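FYI, in full-length UniProt numbering the residues of the sequence shown are 1 to 292.
Where is the CB? At the ideal position from N, CA and C, for every residue including glycine.
Owing to the predicted nature of the structure, the values given are computational and were not obtained by experimental measurement.
Structure first, commentary second.
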Amino acid sequence: MTFNRNDGRSESDFRKVVITYEGLDRVDGSARFTFGTTECIVSVSGPVEVRPASENPSQATLEVFIRPLASLPGTDSKSISNTLKAIFTPVLLLSRHPRTLVQIVGQALCGTETGGGTGSVGRGWSASLTATLINATTAALINTGSIPMKGIVCAVAVGVLGEPFSDDRIFVVDPSETEVPSLSASGCFAFLYSSTLQSSEEKSQNASPPFSLIWTNFSSSHGMPFNEADLSLAADVASNAASRIWAEMKQSIINIDKMVVSIPRSRGVKQAAIKTEESTADESSDDEKVEI
């Protein structure tokens, strides 16, 4: 059986990637990341003064707030906030700035029929939207430059078209919203790229640094049985695609000074919605840069 993607892409192709380093006010860094029409924006503030109740004497306090395109943040938004905090806490060198606050605020700039960006309770953020949000967070941290990191995190979604255990099933990268109902399994894979990781014998394409899978939520869909072999195969497909995301991220650094003043109002997103919960008074610069 042959599966044809509705947008003409091959199974290993993701949609057009656009990385924009924004110039939002009252934050230390911000960026937008898109896979086709799936888009997120993230701002980062810090290190800044922290409330005494949240002060940690050994490391900076990390707060993550994620907002849907419409409505107030609900259970799904809080869940994805916790996910991002779990992904980036071990990646950021928070011990370099004890007794301070690092705040990440993200927002979906798209609505989907599968939930997520529209804030649908209990329907979750789609795998592609989750990957977009993780990549936007990484780009915003790169734009900030004042928060040291062990490496950079790149994420990509992978879905399975076809019945589980079938030899005809195929693994597709970056499934679009219209493909989600046809997937028998799907998930987001996040990889850490860092020169501090142990090198493997296999060299990934684009000569990327060593990488390691640090998080995934790959699972079956529609109550179908889960094939554990699919997880390993999906991870291999995701690692190849994520290496290309890493290359896109590296290439985008040349545009880091070409900042946009604000988000077009036609997208229905107010700039105030992406501002941090606390005003940033510290305007000092930091010479530490992220090595990619």
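Residues bridged to residue i [DSSP beta-bridge criterion]
i: Thr61; result: Leu101
i: Thr216; result: Phe189
i: Asn157; result: The sequence shown places Ala at residue 157, rather than the Asn named in the question. In DSSP, Ala157 forms a bridge with Cys188.
i: Leu183; result: Leu161
i: Gln107; result: Ile41 and Arg67
i: Phe211; result: Tyr193
i: Ser54; result: None; Ser54 has no bridge partner.
i: Leu92; result: Met149
i: Thr20; result: Arg32
i: Phe171; result: Val160
i: Val48; result: Leu101
Straight-line Cα distance separating residue j from residue i
i: Lys250; j: Val180; result: 29 Å
i: Val173; j: Glu11; result: 6 Å
i: Gln103; j: Thr61; result: 8 Å
i: Val44; j: Phe211; result: 24 Å
i: Ala155; j: Ile134; result: 6 Å
i: Asp13; j: Asp167; result: 21 Å
i: Glu177; j: Gly111; result: 10 Å
i: Arg96; j: Pro57; result: 11 Å
i: Ser81; j: Arg244; result: 26 Å
i: Ala131; j: Cys188; result: 6 Å
i: Gln198; j: Ser54; result: 35 Å
i: Asn240; j: Val91; result: 21 Å
i: Phe88; j: Gly223; result: 31 Å
i: Ser79; j: Ile66; result: 9 Å
i: Glu22; j: Ala207; result: 28 Å
i: Leu231; j: Phe218; result: 7 Å
i: Ala229; j: Leu213; result: 16 Å
i: Gly8; j: Pro175; result: 12 Å
Close Cβ partners of residue i (< 7 Å) along its chain, the five nearest in sequence each way excluded
i: Ala136; result: Ala31, Arg32, Phe33, Cys40, Ile41, Val42 and Gly106
i: Ser182; result: Leu161
i: Phe171; result: Glu11, Val158, Val160, Leu233, Ala234 and Val237
i: Asp28; result: Val44, Ser45, Gly46, Thr144, Ser146 and Thr280
i: Asn227; result: Pro164 and Phe165
i: Pro98; result: Asn56, Pro57, Ser58, Gln59 and Ala60
i: Lys85; result: Leu62 and Val64
i: Arg51; result: none
i: Pro225; result: Pro164
Rounded distance between the beta-carbons of residue j and residue i, thought under 8 Å
i: Trp215; j: Ala190; result: 4 Å
i: Leu93; j: Gly151; result: Wrong, their Cβ atoms sit about 11 Å apart, outside the cutoff.
i: Glu49; j: Thr100; result: 7 Å
i: Ser220; j: Ala185; result: 5 Å
i: Pro20; j: Ser128; result: According to the sequence shown, residue 20 is Thr rather than Pro. Not quite, the Cβ-Cβ distance comes to about 18 Å (not below 8 Å), so this is no contact.
i: Gly36; j: Arg5; result: Not a contact, Cβ separation roughly 12 Å.
The ligand NAD heavy atom lying under 8 Å from the CB of residue i
i: Ser126; result: This structure does not include the ligand NAD; it has no bound ligands of any sort.
Cut-off 6 Å between Cβ atoms - residues of its own chain near residue i, not counting five sequence neighbours on either side
i: Val18; result: Thr34
i: Ala108; result: Cys40, Pro68, Leu69 and Gly117
i: Thr83; result: none
i: Ala139; result: Ile19, Ala31 and Phe33
i: Arg169; result: Val160 and Gly162
8 Å Cβ shell around residue i - same chain, five flanking residues per side excluded
i: Ser195; result: Gly151, Pro209, Pro210 and Glu291
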